[in-house]
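Residue numbers (my numbering): -18 to 473. As structure tokens, the structure follows; a few thoughts come after it.
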């Protein structure tokens, strides 16, 4: 800890928790009211690499994919995490090899075996590589990856220097630490805690989140070692939304490693694409991205199944829905899955005036999240000031108005999430579902061992005795129910 005896000057003594107004001296002759000087000393102590590559392994957790809403994120095994960072160009490549460590929860990890994720950010552009194909990642991941880059030990020093940080002293676990606070405009706020050796021990931050409004994060760094004049921690832990998201041991550090990260042309030119296909009279399948939606026309209003991802996607979808039946407002938005990729557009739907229809187990969680403002980068809901209207489904709900009826059923027996819904249109024999079944490519051979989630969907169709002709999945293409049955090795 900072030695208080060393920083007594002119009869002034460091207060137990916070000092903000007096100019006192830290070890090394740094004034306590001078954040810039503290940051300069920290940069010198830690080294100032322009680029950095490190390799780690340990445990991760799939943020936003809890089996029960409001509980801990599902654990995964991080077989390898390789981060390559270029601080000069604000770029980062993260190569992840992961596998499921718990049977329940989302994240699209196989029940056995590993999955590779290659994720990128450069400036304000984010994308993933799937094989040799670059796929835009969307606004949700801009904030997340920018936050990850600039809260690394060296990144947070550079970001604080750029953003006119302020300085206080705070006590953490019995230690007095320099607390350097700053805001990365529109992205996040952060406080970096620096110890008497001028090493970053902890970063507390808050950032916008499409599903939660805003979320708090804590990242800790410990057991530093020197590699070629650059000090870097050998253990990194992170928590987000009150639960662990990362706990890894760093195995290799390479300061000033090659880090030429270029934005692919296909990503730079990408736009928000919305396609609409009519499935039946008054029923439209809305695609064009990674997540789909379905619009259903009622007598005097519209029902929209799923507003996924983030404001920009869901606003684009809602604008197209309004054109399908001019004068009919979107009165209800049905949420099938409370995982964050499926709830990121709900805040925009509330701002639009829609009532959110969700499984009863989500109500308290949704109410809390929808009441949280995004003050860092205000979203549509924060700007509108509207309060959420939530309608819940227990096991089944029937919506009808004399012109059409639709059934909302709870899915049972799923490992994906406990509060799972699907929508059935009995007259049209259409089933709308998400995350239990993503159709295989046309003419693909069915797997030797049926996918357990696919089997769960078949079990629920049969349990409810639904007469289904076609499946409208929230990922992938529209298919006949026969394709699902073929995939699981059964006849419909």
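Glycine included, every Cβ here is placed at the ideal spot set by N, Cα and C. Computed from a prediction, not measured in an experiment: that's the story for all the values here.
Can you list, in chain order, the residues of its chain with a C-beta nearer than 6 Å to that of residue 205? Leave out the 5 residues immediately preceding and following it. The residues are 180, 212, 214.
Take the Cβ of residue -6 as the centre, count every other Cβ of all protein chains shown within 10 Å, and call the residue buried at 16 or more, exposed below. In this prediction, residue -6 scores a pLDDT of 30, lower than 50, which makes its location untrustworthy; the coordinate-derived value is nonetheless stated afterwards. The residue in question, residue -6, is exposed, as its Cβ has fewer than 16 Cβ neighbours within 10 Å.
Name the residue from 201, 167, 232 whose alpha carbon lies nearest to the alpha carbon of residue 144. 167
Proximity to residue 176 [Cα-Cα], best of 267, 134, 382: 134
What's the call for residue 25, buried or exposed, on a 16-neighbour Cβ count within 10 Å? So residue 25 counts as exposed.
Element boundaries [alpha helix (DSSP H), containing residue 385]: Counting along the chain, residue 385 falls outside any alpha helix (DSSP H), and DSSP gives it neither H nor E.
Burial state of residue 429, where buried means 16 or more other Cβ atoms lie within 10 Å: Under a 10 Å Cβ-count criterion, residue 429 is classified as exposed, with fewer than 16 other Cβ atoms of the shown protein chains found around its own Cβ.
With distances taken Cα to Cα, identify the nearest neighbour of residue 342 among 320, 425, 335, 360. 320
Taking the straight line between their C-alpha atoms, what separation do you get for residue 382 and residue 249? If you take the alpha carbons of residue 382 and residue 249, they lie about 45 Å apart.
Rounded C-alpha distance that separates residue 163 from residue 58: 33 Å
What is the rounded straight-line gap between the Cα of residue 13 and the Cα of residue 148? Because residue 13 sits at a pLDDT of 47, beneath the cut-off of 50, its placement in the model cannot be relied upon, and the point is left open.
How many whole angstroms separate the CB atoms of residue 98 and residue 77, which I take to be in contact at a CB cut-off of 8 Å? 4 Å
State the DSSP-derived secondary structure class of residue 127, mapped to helix, strand or coil. helix
Please work out which residues of its chain come closer than 6 Å, Cβ to Cβ, to residue 64, disregarding the five sequence neighbours upstream and downstream, and give them in chain order. 35, 75
Pick out whichever of 251, 282, 287 has its Cα sitting closest to the Cα of residue 267. 287
Return the residue from the list 370, 53, 365 that minimises the CA-CA distance to residue 220. 53
Please confirm whether residue 172 and residue 161 have their CB atoms less than 8 Å apart. Yes, these two residues count as a Cβ contact at 8 Å.
Between residue 338 and residue 48, what straight-line distance do the alpha-carbon atoms span, to the nearest angstrom? 19 Å
Quick one: using the 10 Å Cβ neighbour count with 16 as the cut-off for buried, is residue 84 buried or exposed? With fewer than 16 Cβ atoms within 10 Å of its Cβ, residue 84 is classed as exposed.
For residue 141 and residue 17, the rounded distance between their alpha carbons: 9 Å
Taking the beta carbon of residue 471 as the centre, do at least 16 other beta carbons fall within 10 Å, making it buried, or is it exposed? exposed
Option nearest residue 230 by Cα separation, candidates 60, 274, 452: 60
For the ligand ZN, any of its heavy atoms closer than 7 Å to the Cβ of residue 170? With respect to small molecules bound, the structure shown includes none, and the ligand ZN cannot be examined in it.
Assuming residue 92 is part of the alpha helix (DSSP H), what are its boundary residues? No alpha helix (DSSP H) holds residue 92; DSSP gives it neither H nor E.
On the DSSP bridge list, what partners appear for residue 64? 35, 75
Residue 350 classed as buried or exposed, judged by whether at least 16 other C-beta atoms fall within 10 angstroms: buried
Measure the CB-CB distance between residue 359 and residue 291 and report whether it falls below 8 Å. no
Straight-line CA distance for residue 234 to residue 246? 31 Å
Measuring alpha carbon to alpha carbon, tell me which of 120, 431, 452 ends up nearest residue 405. Of the candidates 120, 431, 452, the one whose C-alpha sits nearest the C-alpha of residue 405 is 452.
Quick one: what does DSSP say residue 363 is sitting in, helix, strand or coil? helix
Whose CA, out of 438, 374, 186, lies closest to the CA of residue 393? 438
Cβ-based neighbour list, residue 279, same chain, cut-off 7 Å, excluding 5 preceding and 5 following: 382, 384, 385
Spatial neighbours of residue 2 within its chain, please: CB distance less than 6 Å, with the 5 preceding and 5 following residues excluded, ordered by chain position. Reliability of the predicted coordinates at residue 2 is poor, the pLDDT of 33 falling under 50, and the value obtained from them is presented with this limitation in mind. Answer for residue 2: no residue qualifies.
Within this structure, are the beta carbons of residue 376 and residue 264 separated by less than 8 Å? With contacts defined as CB atoms closer than 8 Å, residue 376 and residue 264 fail to qualify as a contacting pair.
Residues near residue 9 in its chain [Cβ-Cβ closer than 7 Å; skip 5 each side]: Note that residue 9 scores 49 on pLDDT, short of 50, meaning its location in the model is unreliable; the coordinates nonetheless yield the value given after this. Contacts found: 22.
Would you tell me roughly how many angstroms separate the C-alpha atoms of residue 332 and residue 367, rounded to the nearest one? Near 6 Å, if we compare the C-alpha coordinates of residue 367 and residue 332.
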